[in-house]
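*Asks:* Residue numbers (this note's numbering): 8 to 364. Where is the CB? At the ideal position from N, CA and C, for every residue including glycine. Fair warning: this is a prediction, and the values are worked out from it, not measured in the lab. I'd like to ask some things about the structure below.
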Amino acid sequence: MSLVTQPPASDQTNAKQLIVGAGADHRVLTGDEKAAALLLALGPAYGKPIFDELDELEVKQLSRAMVKLGPITQEMLDDLMIEFVTTISSNGSLSGNTDSTERLLLSFLPQDKVDSIMEEIRGPAGRNMWEKLSNVQADVLAAYLKNEYPQTIAVVLSKIATDHASQVLAVLPEELAMDVVQRMLGLDPVQKEILEKIENTLRTEFMSTLNHSKRRDSHEQMAEIFNSFDRQTEARFITTLEEHNRDDAERIKALMFTFEDLAKLEASAIQTLLTKMDKKDLALSLKGANDTVKETFFKNMSGRTAKLLQDDMEAMGPVRLKDVDEAQGRMVSTAKDLAAKGEIIILKSRADDQMVA
């Protein structure tokens, strides 16, 4: 769906009016103007990927709207952003899907090329079903297989990568796992027809469900966007969103992972994180943290290391809040990277958590 759209007349009548400037020019922003203001606010780094999806006519249309836009007050920009957040949170209308992507590819690629691309996209990377299964998380695959016949599980595990098969066996219920092991030891060559039937079942019942379940929730996506804000911007957007739609605001807050959530990590995870952090970033981050967070991190260091870090923090003197925000953001990003690699496990924050500067 293009960002450059003219809202229906009913929307113009019922929607909250967005006024340009602070003077007497009281007019409703059109769809073109809203899109122009949004992209100008996003700037080159974040706006470019959106421009890349527009055709030449739409780019020209947006450019004209930008030139004619005039001043937009901070209040108007906040309202526009909240309108955008509320819309995408309520219906995800800007999200693409498999069908729309396939139709677009078919407009300029031959069918066989499109089939090849979409087959790759629909499931985890791999040229065939068994390679795809080898890229599915072991616990996810085990959760599906444990409801199948042991003989079927034995066939599947005999076809996927051996290291992955071992991980799946390790998380299956012990009695079932031993039954599968015995069947794998005595497994005869499987008839082609039976193998094809198993592949088709996995493709239609498991892989399609897996693909559907991995579609991003719009609130989760918005929580990640809010996580990237500095502290003041985050607070401003959350407060305004609460006024417009408290349910959306609460869902987003519950999904956000903040600096304060780092104190909820297991001790081993905190210790792993500490080994990956730049000393200056760590000192800056804790300089702006509340006493509970500081104490949690100090407890996971040796006494000597904690004392040296406290001395560094005192030697810094007053620091800019912006620098603290950026350092804490880098610390959260590092934790997320470690979690993505499976080195630590992170927990979501509770909706009523508050940051203390």
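Among the candidates Ser235, Lys306 and Val92, whose CA atom is the shortest distance from the CA of Asp255?
*Replies:* The count along the sequence shown starts at 1 and reaches residue 255 at position 248. When only C-alpha atoms are compared, the closest one is Val92.
*Asks:* With distances taken Cα to Cα, identify the nearest neighbour of Glu257 among Ala242, Ile277, Glu267 and Gly310.
*Replies:* On the sequence shown, position 250 is the one that residue 257 refers to. It is Ala242.
*Asks:* Mapping DSSP to helix, strand and coil, what is Ile351?
*Replies:* Mapped onto the sequence shown, residue 351 falls at position 344. Note: Ile351 maps to coil in three-state DSSP.
*Asks:* On the three-pair Cβ rule with 8 Å, is the stretch 75–94 touching the stretch 34–49?
*Replies:* At 8 Å Cβ cutoff, the stretches touch.
*Asks:* If you count every other CB in all the chains shown that lies within 10 Å of the CB of Leu272, and 16 or more means buried, which is it?
*Replies:* The sequence position of residue 272 within the sequence shown is 265, counting from 1. Classification of Leu272: buried, given that the 10 Å Cβ count is 16 or more.
*Asks:* With Phe408 as the anchor, note down where its alpha helix (DSSP H) starts and where it stops.
*Replies:* Given that the chain is displayed from residue 8 to residue 364, the structure contains no residue 408 and the question cannot be resolved.
*Asks:* Looking at C-alpha atoms only, which residue of Thr312, Glu181, Lys306 and Lys153 is the closest neighbour of Lys286?
*Replies:* The residue labelled residue 286 in the question sits at position 279 within the sequence shown. Checking every option, the nearest Cα to that of Lys286 belongs to Thr312.
*Asks:* So, helix, strand or coil for Thr211, using DSSP?
*Replies:* Along the sequence shown, read from residue 1 onward, the residue named residue 211 stands at position 204. Three-state DSSP puts Thr211 in a helix.
*Asks:* Taking only three categories from DSSP, how would you classify Asp62?
*Replies:* Within the sequence shown, residue 62 is the residue found at index 55, counting from 1. Correct three-state label for Asp62: coil.
*Asks:* Do Asn307 and Phe264 have their beta-carbon atoms positioned less than 8 Å apart in this structure?
*Replies:* If you number the sequence shown from 1, residue 264 lands on position 257. If you number the sequence shown from 1, residue 307 lands on position 300. No, Cβ-Cβ distance for Phe264 and Asn307 is not below 8 Å.
*Asks:* Since Ala44 and Leu76 should fall inside the 8 Å C-beta cutoff, what is the C-beta to C-beta distance between them, to a whole number of angstroms?
*Replies:* Numbered from 1 along the sequence shown, position 37 holds the residue referred to as residue 44. Numbered from 1 along the sequence shown, position 69 holds the residue referred to as residue 76. So it is a contact: roughly 6 Å between Cβ atoms.
*Asks:* What three-state label does DSSP hand Arg311 in the structure shown?
*Replies:* Stepping through the sequence shown from its first residue, residue 311 is reached at position 304. Looking at Arg311 - three-state DSSP - the assignment turns out to be helix.
*Asks:* Report the residue from Ile57, Ala48 and Gly54 whose alpha carbon sits nearest the alpha carbon of Pro78.
*Replies:* The residue labelled residue 78 in the question sits at position 71 within the sequence shown. Comparing Cα-Cα distances from Pro78 to each of Ile57, Ala48 and Gly54, the minimum goes to Ala48.
*Asks:* Give me the Cα-Cα distance between Lys348 and Thr169, rounded to the nearest whole angstrom.
*Replies:* In the sequence shown, counting from the first residue as 1, residue 348 sits at position 341. In the sequence shown, counting from the first residue as 1, residue 169 sits at position 162. Approximately 21 Å between the Cα atoms of the pair.
*Asks:* With 16 as the cutoff for other CB atoms within 10 Å, does Gln239 come out buried or exposed?
*Replies:* Translated into positions along the sequence shown, residue 239 becomes position 232. Classification of Gln239: exposed, given that the 10 Å Cβ count is below 16.
*Asks:* Output the boundary residues of the alpha helix (DSSP H) element that contains Ile277.
*Replies:* Residue mapping note: residue 277 aligns to position 270 of the sequence shown, counting from 1. Per DSSP, Ile277 belongs to the alpha helix (DSSP H) from Ala274 to Lys283.
*Asks:* Under three-state DSSP, which class holds Ala270?
*Replies:* Along the sequence shown, one-based indexing puts residue 270 at 263. Helix.
*Asks:* Counting only the same chain and skipping the five closest in sequence on each side, list residues whose C-beta sits under 7 Å from that of Met136.
*Replies:* Start at 1 with the first residue of the sequence shown, and residue 136 comes out as number 129. Cβ within range, chain order: Glu206, Leu209 and Arg210.
*Asks:* Give the range of the alpha helix (DSSP H) segment to which Gln174 is assigned.
*Replies:* For the purposes of this step, residue 174 is taken as residue 167 along the sequence shown, with counting starting at 1. Element bounds for Gln174: Thr169 to Val178.
*Asks:* Quick check on DSSP: helix, strand or coil for Gly30?
*Replies:* Here residue 30 refers to the residue found at position 23 when the sequence shown is read from its first residue. Because the pLDDT of Gly30 is 42, which lies under 50, any placement of that residue in the model is unreliable, and the number read from its coordinates should be weighed accordingly. It is coil, neither helix nor strand.
*Asks:* Do Val339 and Phe266 have their beta-carbon atoms positioned less than 8 Å apart in this structure?
*Replies:* Working through the sequence shown from its first residue, we reach residue 266 at position 259. Working through the sequence shown from its first residue, we reach residue 339 at position 332. It is a contact, given that the beta carbons lie within the stated cut-off.
*Asks:* Do Ala172 and Leu164 have their C-beta atoms closer together than 8 Å?
*Replies:* Numbered from 1 along the sequence shown, position 165 holds the residue referred to as residue 172. Numbered from 1 along the sequence shown, position 157 holds the residue referred to as residue 164. With contacts defined by Cβ atoms closer than 8 Å, Ala172 and Leu164 form a contacting pair.
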